[in-house]
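All remarks here apply to the structure that follows.
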Amino acid sequence: MKVKTALRKIIQTFSSSQSGALLLSYILPSLDRWWYRVSGGKNTITNLLLDLPTLIVTTIGAKSGLPRTTPLLYIRDQQNPSAFALIATNFGKEKYPAWYYNLKANPRATCTIEGMTQQYIAREINGQEYQHYWELATHVYSGYQLYRQRIHTRPIPILLLEPSEIQHSVNLE
3 MKVKTALRKI IQTFSSSQSG ALLLSYILPS LDRWWYRVSG GKNTITNLLL
53 DLPTLIVTTI GAKSGLPRTT PLLYIRDQQN PSAFALIATN FGKEKYPAWY
103 YNLKANPRAT CTIEGMTQQY IAREINGQEY QHYWELATHV YSGYQLYRQR
153 IHTRPIPILL LEPSEIQHSV NLE
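First residue of the sequence shown: 3, per the working numbering; consecutive thereafter.
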């Protein structure tokens with residue numbers, strides 16, 4: 003068990019480095035999608051190797067209007083287990099990830115977590131809610147802190163996805 007933990011730490015350290023993140027940004031999504039299909043929708047390479055919580059999200063392309071599916075890390079707050087956050091770091095790159103633009107254009111998404119598929123609505127969070135989920139995120143994956151240090155030209159958005167049956171009321175007063 004100690005060897006497995008040590009190996010995961012080494013892989014996480016590599017994956018959060020600038021060269022590791024660049025390399026993995028090109029190969030990991032394809033490997034995760036492949037392993038997700040092979041495992042019958044129950045797992046990804048990221049989850050197996052790094053023990054990080056991953057999901058498969060399908061959005062509608064902001065420009066194309068076509069379904070776009072990608073594996074992502076997600077952050078869950080035990081106080082609100084039906085919702086989860088997605089951190090738009092894009093492996094520490096200066097550009098926003100495509101899925102972020104897709105969810106901003108159309109906040110409806112289909113997400114599969116541990117073989118369970120459900121519809122969600124995304125909203126960008128800020129203020130104390132943002133700080134809360136950022137803190138949770140850095141506890142889940144220490145690489146987020148390094149990504150923040152490398153991203154100089156943009157903020158790192160956090161989107162909260164909640165089951166689509168939950169409605170938010172807006173006070174217009």
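Virtual Cβ for every residue (Gly too), placed ideally from N, Cα, C.
query: Within the segment 37-61, ranges of the beta strand (DSSP E) (whole runs, at least 3 residues); result: none
query: Contact check, L88 vs L54, beta carbons under 7 Å; result: no
query: Top-ranked residue by Cα proximity to I153, from Y98, R110, W136; result: Y98
query: Local conformation of R152 per DSSP, three classes; result: helix
query: Stretch-stretch touch, CB-based, cutoff 8 Å, three pairs: the segment 101-114 with the segment 51-69; result: yes
query: Classification of L68 by the beta-carbon crowding that lies within 10 angstroms, buried from 16 upward; result: exposed
query: Touch test, the segment 33-45 against the segment 78-94, Cβ-Cβ under 8 Å, three pairs minimum; result: no
query: Terminal residues of the beta strand (DSSP E) in which Q121 lies; result: 118-126
query: Cβ pair count under 8 Å reaching 3, the segment 99-106 against the segment 29-41; result: no
query: Local conformation of E96 per DSSP, three classes; result: coil
query: Which listed residue (Y143, D79, R150) has its alpha carbon closest to that of L162; result: D79
query: S166 beta carbon less than 7 Å from that of Q121; result: yes
query: Start-to-end residues for the alpha helix (DSSP H) that takes in T140; result: 129-142
query: Cβ of Q130 within 7 Å of any chain B Cβ; result: Included in the structure is just one protein chain, with no chain B present.
query: CA-to-CA distance, S66 to A139, given in whole angstroms; result: 30 Å
query: Proximal residues to R150 (C-beta, below 7 Å), its chain only, five neighbours per side dropped; result: I158
query: Closer than 6 Å: G63 CB and nearest the ligand FAD heavy atom; result: For the structure depicted, the ligand FAD is absent and the ligand set is empty, with no information on it obtainable.
query: Cβ-based neighbour list, A64, same chain, cut-off 6 Å, excluding 5 preceding and 5 following; result: Y103, N104, A107
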